[in-house]
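In UniProt numbering, the protein residues as written are 1 to 529.
All C-beta atoms, glycine included, are put in the ideal place defined by N, C-alpha and C.
Let me begin by presenting the structure, written as structure tokens, before commenting on it.
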């Protein structure tokens, strides 16, 4: 494989897609995850209807609205990107608007993973635009004193918080706990992801600070993409004994792992692109011109890097790449090709004939891993999944859900019908990639470097990295994986460093303004940290 000239691979980059748009006209459409129920017909206030831009409810919204409006506790199994945020915000806001609430108290608490918090707050702001409510957030990486002062001086009706930072406030901000004495609704958003990030103890501690739910009746809504035994334990402590379980997952989404063979490969960050390239070539050989692969990466910036690097391989005349905005449509209609994405590409779209799912780098969570895997082996077709991880990322394979999926290591020996990778093949692929890395723009590399810092900062705890270790890994990554050869590391704005919670950590090249490709470095005011 390594010695022969590789066959042409049609590559298309994918732009991360936003939350699904509402169905435009008819409830008889094919879009996944939407119901035939209209918001206009729902038993909700005009104030809420004016804050909703969609016409039709998603499946999870339609299934949960009525029981949630009745005040029932719910355990809801729903995939990311199916409208779950509005599913818990809408009924909670409706119920709060009909209650006599105590002034200057938090009435609704949403516990959310860091990656979801900004989107959740944006949705909440839109929904309550015509309600007399305020929403605020408490999140790690921000000034704790400033946040405490803002919340204590003008308590919001709705607080969206990460578990770790909320515990910090409950334990260290005077009188903060008293803000929850009239709490009426608590939401666990992406509960499985909260557990994956190691917040089990924090969730238990938060409950211990809240009023006894037998004395102050509050509604609890727990949303999770997977329902593991640990989720059930959390539900037992957080929900009423008569809670209702609702699942909007289809059978093929739940049991993907039962018919899709899965393999894992532990490869240093420096060789993950090469391993990806080698597996793409093997897939073409195995499928004889009908190879159709999807590559999922941790960040959109890394998508840009992979796309630029793979497109510069010396393969001869490559077919024209589709425009980025049309990448998903072009891939859907093609017989063979490669689509590269950082998220669950084109939610609601089916891609027939996908033969290989490559997940290179740490997936966001087990649910996202499974959903990506479900893009292959559809309608009785064959397919396979491979996840490529650095040794430090291998904890993902020990996740309770992932460990039960039957993932096997990629063998080194060649086996008919299976993917394999010897040290020699990996070295050969790395050699080919090394010839094209100098052709990738410095700006693309710099953006991928900064994105690496941002996304892996949210997983420091399970990675068992310190902040200093994160910076060291990123600095090694930009040189060995991205091919950065300039003496100085890519610059990062001071405010960006603050947002990453890396202020004062040595090893970063802090600049006053974002560097631009082609700008002389002497024009950038720099500061060594």
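* Which residues in the same chain have their Cβ closer than 6 Å to the Cβ of residue 463, if we skip the five residues on either side of it in sequence? -> As a working note, residue 463 is residue 463 in the chain shown. Closer than 6 Å at the Cβ level, and outside the excluded window around residue 463, lie 392.
* Whole runs of the beta strand (DSSP E) within the region 464–500, excluding any shorter than 3 residues -> Runs found: 491–493.
* **Residues that residue 108 bridges to, as DSSP identifies them** => For the purposes of this step, residue 108 is taken as the residue at position 108 of the chain shown. Note: residue 108 sits in a beta bridge opposite 158 and 185.
* Just checking, does the region 141–156 make contact with the region 166–181 on the three C-beta pairs under 8 Å criterion? -> Counting Cβ pairs under 8 Å, three or more are found: they touch.
* To do: Determine the direct distance from the alpha carbon of residue 406 to that of residue 289, and round the result to whole angstroms.
  => The residue labelled residue 289 in the question sits at position 289 within the chain shown. The residue labelled residue 406 in the question sits at position 406 within the chain shown. Rounded to the nearest angstrom, the two C-alpha atoms are 29 Å apart.
* To do: Kindly provide the ranges of any alpha helix (DSSP H) runs that are 4 or more residues long and lie completely inside the region 216–276, ordered along the chain.
  => Counting only unbroken stretches of 4 or more residues, the alpha helix (DSSP H) elements lying wholly within the region 216–276 are 229–238 and 251–254, in sequence order.
* Asked: So, helix, strand or coil for residue 21, using DSSP?
  -> Sequence index remark: in the chain shown, residue 21 carries index 21 (1-based). Reliability of the predicted coordinates at residue 21 is poor, the pLDDT of 43 falling under 50, and no value is obtained from them.
* May I ask which residues mark the beginning and end of the alpha helix (DSSP H) holding residue 79? => For the purposes of this step, residue 79 is taken as the residue at position 79 of the chain shown. Element bounds for residue 79: n/a, residue is neither H nor E.
* Asked: Within 10 angstroms of its Cβ, does residue 178 collect 16 or more other Cβ (buried), or is it exposed?
  -> By 1-based counting over the chain shown, the position of residue 178 is 178. With fewer than 16 other CB atoms across the displayed protein chains lying within 10 angstroms of its CB, residue 178 is exposed.
* With contact counted as at least three CB pairs below 8 Å, one residue from each stretch, are the region 188–207 and the region 365–378 in contact? -> When C-beta atoms of the region 188–207 are compared with those of the region 365–378, three or more pairs fall below 8 Å, so the two segments count as touching.
* Leaving out five residues before and five after residue 48 in sequence, what residues of the same chain have Cβ atoms less than 7 Å from its Cβ? -> By 1-based counting over the chain shown, the position of residue 48 is 48. Within the same chain, residue 48 has close Cβ partners 90, 93, 94 and 127.
* Hey, could you find the ends of the alpha helix (DSSP H) residue 48 is sitting in? => Along the chain shown, read from residue 1 onward, the residue named residue 48 stands at position 48. Counting along the chain, the alpha helix (DSSP H) containing residue 48 begins and ends at 46–50.
* 7 Å Cβ cutoff met for residue 85 and residue 120 -> Within the chain shown, the letter at position 85 stands for residue 85. Within the chain shown, the letter at position 120 stands for residue 120. Yes. Within cutoff.
* First and last residue of the alpha helix (DSSP H) that includes residue 167? -> Numbered from its first residue, the chain shown carries residue 167 at position 167. It spans 163–172 - the alpha helix (DSSP H) in which residue 167 sits, taken as one unbroken run.
* residue 46 classed as buried or exposed, judged by whether at least 16 other C-beta atoms fall within 10 angstroms -> Locating residue 46 in the chain shown gives position 46, where the first residue counts as 1. Exposed, by the Cβ-count rule.
* **Contact under 7 Å by Cβ, residue 62 with residue 37** => Working through the chain shown from its first residue, we reach residue 62 at position 62. Working through the chain shown from its first residue, we reach residue 37 at position 37. In this structure, residue 62 lies near residue 37, with their beta-carbon atoms less than 7 Å apart.
* Asked: So what's residue 385 in DSSP terms, helix, strand or just coil?
  -> To locate residue 385, count along the chain shown from 1; it is residue 385. If DSSP states are grouped into helix, strand and coil, residue 385 belongs with the strands.
* **Classification of residue 475 by the beta-carbon crowding that lies within 10 angstroms, buried from 16 upward** => For the purposes of this step, residue 475 is identified with residue 475 of the chain shown, where counting begins at 1. The residue in question, residue 475, is buried, as its Cβ has 16 or more Cβ neighbours within 10 Å.
* Asked: So is residue 145 buried or exposed if we call it buried at 16+ other beta carbons inside 10 Å?
  -> For the purposes of this step, residue 145 is identified with residue 145 of the chain shown, where counting begins at 1. Exposed: under 16 other Cβ atoms inside 10 Å.
* Could you check where the beta strand (DSSP E) with residue 531 kicks off and where it finishes? -> Beyond the ends of the chain as shown, which are 1 and 529, falls residue 531; an answer cannot be given.
* Going by alpha carbons, who is nearest to residue 269 out of 470, 97, 59 and 389? -> Position 269 of the chain shown holds residue 269. Among 470, 97, 59 and 389, the Cα nearest to that of residue 269 is on 389.
* How long is the line joining the alpha carbons of residue 337 and residue 307, rounded to whole angstroms? -> As a first step, residue 337 must be located in the chain shown, where it is residue number 337. As a first step, residue 307 must be located in the chain shown, where it is residue number 307. Just so you know, the alpha carbons of residue 337 and residue 307 end up roughly 12 Å apart.
* To do: Have a look at the DSSP bridge pairing and note the partners of residue 292.
  => Your numbering for residue 292 matches position 292 in the chain shown. Looking at the DSSP assignment, residue 292 forms a beta bridge with 337.
* To do: Classify residue 345 as buried or exposed, calling it buried when 16 or more other Cβ atoms lie within 10 Å of its own Cβ.
  => Within the chain shown, residue 345 is the residue found at index 345, counting from 1. Reliability fails at residue 345, whose pLDDT of 49 lies under 50, so the model's placement of it is uncertain and the value that follows must be treated cautiously. Label assigned to residue 345: buried.
* Asked: DSSP on residue 439, reduced to helix/strand/coil?
  -> As a working mapping, residue 439 is identified with position 439 in the chain shown. The DSSP-derived three-state label of residue 439 is helix.
* Asked: Are the beta-carbon atoms belonging to residue 430 and residue 271 less than 7 Å from one another?
  -> As a working mapping, residue 430 is identified with position 430 in the chain shown. As a working mapping, residue 271 is identified with position 271 in the chain shown. Contact: yes.
* Identify whether residue 354 lies in helix, strand or coil by the three-state DSSP scheme. => Counting from one through the chain shown, the residue named residue 354 turns up at place 354. DSSP places residue 354 in coil when its eight states are reduced to three.
* To do: Could you tell me the distance, in whole angstroms, from the CA atom of residue 183 to the CA atom of residue 109?
  => Residue 183 sits at position 183 when you count from the first residue of the chain shown. Residue 109 sits at position 109 when you count from the first residue of the chain shown. Roughly 8 Å between the two C-alpha positions.
* Asked: Which class does residue 98 belong to by DSSP, given the choice of helix, strand or coil?
  -> Working through the chain shown from its first residue, we reach residue 98 at position 98. Residue 98 falls in the coil class under three-state DSSP.
* Asked: For residue 137, which three-state DSSP category applies?
  -> Against the chain shown, residue 137 aligns to sequence position 137. Of the three classes helix, strand and coil, the one that applies to residue 137 here is strand, per DSSP.
* Tell me which same chain residues have a C-beta within less than 7 Å of the C-beta of residue 309, skipping the five on either side of it? -> Here residue 309 refers to the residue found at position 309 when the chain shown is read from its first residue. The answer, listed in chain order, is 273, 433, 436, 437 and 440.
* Residue(s) in a DSSP beta bridge with residue 74 -> Along the chain shown, one-based indexing puts residue 74 at 74. 221 and 244.
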